[in-house]
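Report on the structure given below.
There are 2 protein chains.
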Amino acid sequence: MKNIFSFLFAIILLFSCNSGKEKTQLEQLTIEEKIDSTNIKSIFNTALTEGKSYEWLRDLTQNIGARLSGSAAAEKAVLWGEKLMKNTGLDSVWLQPVMVPHWVRGEKEVANYTVNNKKKNVPVCALGFSVATPEEGILAEVIEVKSIQEARELGEKMKGKIIFFNRPFDNTLINTFSAYGGCVDQRVQGAIVAGEYDAKGVIVRSMTNSIDDFPHTGTMSYGNLPKEKHIPAAAISSRAANILSRDLKENPTLKFFLKQHCKTLPDAPSFNVIGEIKGTETPENIIVVGGHLDSWDLGEGAHDDGTGIVQSLEVAYLFKKLQIKPKNTLRVVFFMNEENGTRGAKKYAELAKLNKENHIGGLESDSGGHTPRGFSIDANSVNTQLLQSWKKLLSPYGLHDLIKGGSGADIYPLKSDNVTLVGYKPDSQRYFDYHHTSNDTFDKVNKRELELGSASMASLIYLMDKYLYSNTVIKP
Amino acid sequence: MKNIFSFLFAIILLFSCNSGKEKTQLEQLTIEEKIDSTNIKSIFNTALTEGKSYEWLRDLTQNIGARLSGSAAAEKAVLWGEKLMKNTGLDSVWLQPVMVPHWVRGEKEVANYTVNNKKKNVPVCALGFSVATPEEGILAEVIEVKSIQEARELGEKMKGKIIFFNRPFDNTLINTFSAYGGCVDQRVQGAIVAGEYDAKGVIVRSMTNSIDDFPHTGTMSYGNLPKEKHIPAAAISSRAANILSRDLKENPTLKFFLKQHCKTLPDAPSFNVIGEIKGTETPENIIVVGGHLDSWDLGEGAHDDGTGIVQSLEVAYLFKKLQIKPKNTLRVVFFMNEENGTRGAKKYAELAKLNKENHIGGLESDSGGHTPRGFSIDANSVNTQLLQSWKKLLSPYGLHDLIKGGSGADIYPLKSDNVTLVGYKPDSQRYFDYHHTSNDTFDKVNKRELELGSASMASLIYLMDKYLYSNTVIKP
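Those protein sequences? They're chains A and B, same order as listed.
Final position of the first sequence in this note's numbering is 770; the numbers increase by one with none missing.
Final position of the second sequence in this note's numbering is 770; the numbers increase by one with none missing.
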């Protein structure tokens, strides 16, 4: 029994020390900060006990699933979003029309090669915007390169070959988005350089930290190449990339087979889904919170970006539930077409300008639904410092990183010196295990982590609404 | 094309801003701190590119699996650990004998009840140290309570009944270990109070934040009750607890059936597994790093505490690999029997005292293998401040929490004013989804999160080894 109670004692000790920490922090706050601290605690409590985001995400991912721009599922998601915003009791909800690219994958891709009389099937998927192979596929020798520059130096030697871009993520980078940023040029630009010199096709190592069998799709470009130089481009899994690289060392003339059926159809009509809570004091000033409603066609678009969508709406839900009435107008936007075109983002910013809307702030969630770490701030120096001064209010919730950096692709077009843009930044370690693959499914999302994210975002919006306008923004 | 490049630009922007942040931090460091910063960076780089912990964990969980004290698998794990330590090139490796409790679950438990002519099966598992039911099981009416105190007040009314402890986790607590600490008394002490008044059995809501179908086992106690008052105790899943609670409101006289076959056998011989790297300057001073080798019998003991074991050994591996020669002796300990008795921990501390060993520090990893958050420090105020002064070196790796608190059950017996004890604290959100269930399996562990943990621990040990001794410890 003594054993048991010493065990219990250890747990209780840890518990009480944590409470002690919270108390000390509270004592260091001004009266106004104590009010904010109490309100933020209410936001977190409500999200963690009465949050809706997890069930919304279940509905979106299980009943609609993948929703690539232009697809029937994307349109279903638009109606789903509109209905959900209305049910959440926003003051007004509307659809903002936008034409979006309409690329389709078609029949499942096939890739393989034979070494030592053994045929190896390769997990593969076409990259977004890629053209198809001819019906019979392509078969060609492979040249492996580690960079766009290395390919460019090959020049004419690429003719008739399949160019294999195989620079892996730098796993020593703690933020996995930095590793992504250091590799993704191969996916985006690979076909531009290889196509210019009449390569037969491009295969790209998947954008991930892990060694697994999931090919990661994502957008690619042909730049200014004429149509006849558009060559098929596909991603292969990281494990297959390692194996192919090894096989090429022993069999440099092996021939790689690729067959895919994707094509780009005419632009399709779609919508941003928008809802708002009218501001009580300066309703002409708008703070946007959003994510993107479209996803890639593999998986269920759970972490990318179903979590961002449901968290953004949960911000408004928490405000309603807690009867927090924003001074400025709080607008929730489910942007369409972030993945391949950001047409929704551009349309939104274009119309905001046209209608002389006065945006004072924006918050985007498009980095997955993992445990909260902080925010990335893209603002003038005064507002950056203002946001960073909230660290003591936010750090009890694991929000330690309040760093200068980019916000997100969907709110970026709103950028100006008077607009404070912020990206919600959860932990990044697991994100590229799922990103753009069939593995990005609902079961990878943890309910508490998701809800903590909603509460983190709602807390920041609460502070931005309260302090941002009076701080610096000049009335139009 | 413009679209694509604005997308790329956004990624690159984020990337460059992060680098900027790292640079600023470096500029604020003293020369000595810059050396430490460089060494810590090497530790992280090596863990993330040449780490072994993930493959070690795969081996342990897939080839040995669950390893409850006294079981054949636990003994297999001891030999596995000894061999692995030797292969890692530690200066010396030995087994430290210890007698451990030997409780066995026996045949799978059965629980059910019938309401409105519908039989409901209940996911159930016996609690560790519980007695069996009679062969035919027990069948009794259920009284639901929310606390030990509420049960105590029932007194004689509990006679012949099954007492259902159903206080859920407080989900508003950000640290899930605090929620665990606030509930676990029901599991540990429930049978003491119910047994005293001749209840027929105890069922306890599983210790978890989530609503799911996994029953969570864990240790329980009969306190000082005489043998004839030992009644069977079991955990039921959180979802089953919610359903039962609802059903009891409409059917207060429903009868609950429980059958289990567990029993406690005589104590069995086992071992702590110990290895060390001899200190170069003051080898008589010891810093311990460890986790526990045993696990519950359900699942694979992946997060609890396979991750702690492999991370602890990876600390030594990283020191060897990077040729960091500790001034003090670095000792890796795989403790036996943390889960039900902490006999290994007690034996280790007892022999340390007997042999007049001079422990100056200890670090335990027994909070799962999730993404790093920080350390919990149990030390005198001078050393607590010393460790907290390392924040600027550790925070670039997400290690922001350097708080006063408990260390861990296995190093706790070493506590004295001169010993600096630390618990490694990764993110806690997902931990109680797995803890003590069949769901605690290898696939729940993320390779990078595990390796970041090893590197976090190795970095702290590097700093403790360098600065701790000269700081405060008085030679014996």
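The beta-carbon is built from N, C-alpha and C at its ideal position, and this holds for glycine as well.
Since this is a predicted model, take the numbers as computed values, not measurements.
Around K741(B), the beta-carbon contacts reaching into chain A at under 7 Å are S504. Not one beta carbon of chain A lies nearer than 8 Å to the beta carbon of F736(B).
Close to chain B, meaning a Cβ-Cβ distance shorter than 9 Å, are the following residues of the stretch 693 to 721 of chain A: H694, D695, I697, K698, G699, G700, S701, G702, A703, Y706, P707, G717, D721.
Shortest Cα-Cα distance from L624(A) to any of E644(A), T576(A), E429(A), D588(A) involves T576(A).
Residue range 725 to 728 is occupied by the alpha helix (DSSP H) that includes F726(A), with no beta strand (DSSP E) assigned at that position. Taking the CA atoms as reference points, E327(A) sits about 46 Å from V482(A). Under the criterion of beta carbons closer than 8 Å, T714(A) and I654(A) qualify as touching, at roughly 7 Å. For T558(A), not one C-beta of chain B is nearer than 8 Å to its own C-beta.
The Cβ neighbour count for G747(B), taken over all protein chains shown within 10 Å, is at least 16; the residue is labelled buried. The stretch 612 to 621 of chain B makes no contact with the stretch 684 to 698 of chain B: fewer than 3 CB pairs, one atom from each, lie closer than 8 Å. In this structure, S500(B) places its C-beta atom within 8 Å of the C-beta atom of S532(B).
In the same chain as W684(B), and ignoring 5 residues on each side of it, the C-beta atoms closer than 7 Å to its own belong to L757, in chain order. Per DSSP, the continuous alpha helix (DSSP H) segment holding D479(B) begins and ends at 478 to 490. For the pair of segments examined, the stretch 542 to 551 of chain B was found not to touch the stretch 471 to 487 of chain B: the number of CB pairs separated by less than 8 Å stays below three. Between H586(B) and the set G375(B), I571(B), K335(B), Q356(B), the nearest pair of CA atoms involves G375(B). In the DSSP assignment, N415(A) is bridged to N406(A). Bounds of the beta strand (DSSP E) holding W388(A) are 386 to 398. Partner residues in the beta bridge of F629(B), as assigned by DSSP, are H586(B). Of the candidates N631(A), K572(A), K647(A), K572(A) places its Cα closest to the Cα of A610(A).
For V713(A), there is no enclosing beta strand (DSSP E), since its DSSP letter is neither H nor E.
Residue ranges of uninterrupted beta strand (DSSP E) with 3 or more members, entirely inside the stretch 649 to 706 of chain A and ordered along the chain, are 652 to 658, 666 to 672, 695 to 698.
Residue pairing by DSSP puts R499(A) in a beta bridge opposite I530(A). As DSSP reads the structure, S564(B) sits in a beta bridge with V392(B).
Under the three-state reduction of DSSP, L421(B) is assigned to coil, being neither helix nor strand. If the five residues before and after F726(A) are omitted, its C-beta is found closer than 6 Å to the C-beta atoms of T470, T502, N503, all from its own chain and listed in chain order. Counting only Cβ-Cβ distances below 9 Å, R724(A) has contacts in chain B at T665, N740, R742, E743, in chain order. Under the 8 Å criterion on CB atoms, F338(B) is classed as interfacial with respect to chain A.
By the Cβ test, the stretch 338 to 345 of chain A is not in contact with the stretch 519 to 537 of chain A, since fewer than three Cβ pairs between them sit closer than 8 Å. Separation of T735(A) and L351(A) (C-alpha to C-alpha, rounded to the nearest whole angstrom) is 10 Å. Counting C-beta pairs closer than 8 Å gives fewer than three between the stretch 437 to 455 of chain B and the stretch 561 to 571 of chain B, which falls short of the contact rule.
When L354(A), E608(A), A703(A), L648(A) are compared, the shortest CA-CA separation from T382(A) is found for E608(A). In terms of beta-carbon proximity, L342(B) lines the interface with chain A, with at least one pair separated by less than 8 Å. Interface criterion met: the Cβ of N465(A) is under 8 Å from a Cβ in chain B. By the CB criterion at 8 Å, V392(B) and N518(B) fall outside the cutoff.
Collapsing the DSSP output to three states places G569(A) in a strand. In the DSSP assignment, E344(A) falls outside any beta strand (DSSP E) and within the unbroken alpha helix (DSSP H) covering 325 to 344.
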